[in-house]
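The sequence shown begins at 434 in the working numbering and counts up by one. Glycine is no exception: its CB is placed at the ideal position from the N, C-alpha and C atoms. Predicted, not measured: the structure shown is a model, and the values here were computed from it.
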Amino acid sequence: MPIEARRSDDGQTLTIRVEGRFDFSTHQAFRDAYEHSDPAVTRYVVDLSDTTYLDSSALGMLLLLRDHAGGDSACISVENCNSDVRRILAISNFEQLFSIR
């Protein structure tokens with residue numbers, strides 16, 4: 434499964450793991466992962482450790498997640514990026530919108 438979501442034991446953190454290509458083909462699954470989450474979720478982690486590629490639609494999906502999570506007050510980290518994915522996020526200035534680790 435290319436998108437997998439799991440909540441932390443305390444229910445406050447939702448981790449969304451993206452496997453393989455993060456592109457338009459994963460749009461609905463990515464959206465479903467957070468839109469149907471419990472209102473108790475206050476922190477989001479997007480785990481890209483198994484992501485091999487991301488495109489502009491993936492950047493748009495991250496922005497939609499940010500809007501859903503509260504915009505400027507959102508607590509979202511994008512973690513475990515490979516060098517190519519990190520470069521795309523840096524070129525797009527996403528480090529100003531997300532915590533990238």
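Rank the options by C-alpha distance to the C-alpha of residue i and give the top, closest one.
{"i": "Arg-534", "options": "Asp-442, Ser-458, Asp-480, Arg-476", "result": "Asp-480"}
{"i": "Ala-507", "options": "Ala-523, Asn-513, Phe-531, Glu-468", "result": "Phe-531"}
{"i": "Arg-440", "options": "Ala-462, Leu-497, Tyr-467", "result": "Tyr-467"}
{"i": "Ile-524", "options": "Ser-482, Leu-492, His-469", "result": "Leu-492"}
{"i": "Ser-482", "options": "Asn-513, Glu-437, Leu-522, Gln-529", "result": "Asn-513"}
{"i": "Asn-526", "options": "Phe-463, Thr-459, Leu-495", "result": "Leu-495"}
Between residue i and residue j, which are expected to be in contact by the criterion C-beta below 8 Å, what is the C-beta distance as a whole number of angstroms?
{"i": "Arg-454", "j": "Tyr-486", "result": "5 Å"}
{"i": "Val-451", "j": "Thr-484", "result": "5 Å"}
{"i": "Ile-509", "j": "Leu-498", "result": "7 Å"}
Do you know offhand how far residue i's Cα is from residue j's?
{"i": "Ser-516", "j": "Asp-465", "result": "27 Å"}
{"i": "Pro-472", "j": "Ser-490", "result": "26 Å"}
{"i": "Ile-449", "j": "Phe-457", "result": "16 Å"}
{"i": "Pro-435", "j": "Asp-505", "result": "28 Å"}
{"i": "Asp-443", "j": "Val-478", "result": "14 Å"}
{"i": "Thr-446", "j": "Ser-470", "result": "10 Å"}
{"i": "Gln-461", "j": "Glu-437", "result": "12 Å"}
{"i": "Asp-488", "j": "Thr-459", "result": "11 Å"}
{"i": "Phe-463", "j": "Gln-529", "result": "22 Å"}
Please determine whether the Cβ atom of residue i lies at a distance below 8 Å from any heavy atom of the ligand MN.
{"i": "Thr-446", "result": "Among the components modelled here there is no ligand, and therefore nothing to report on the ligand MN."}
Open item on the list: What ranges does the alpha helix (DSSP H) occupy inside the region 481-507, keeping only unbroken runs of at least 4 residues that lie completely in it?
Closed with: Along the region 481-507, the alpha helix (DSSP H) occurs as fully enclosed runs of 4 or more residues at 489-501, listed in sequence order.
Task: Uninterrupted beta strand (DSSP E) stretches inside the region 435-477 (no shorter than 3 residues) - done: Unbroken beta strand (DSSP E) stretches of 3 residues or longer found wholly inside the region 435-477: 436-440, 446-455, given in chain order.
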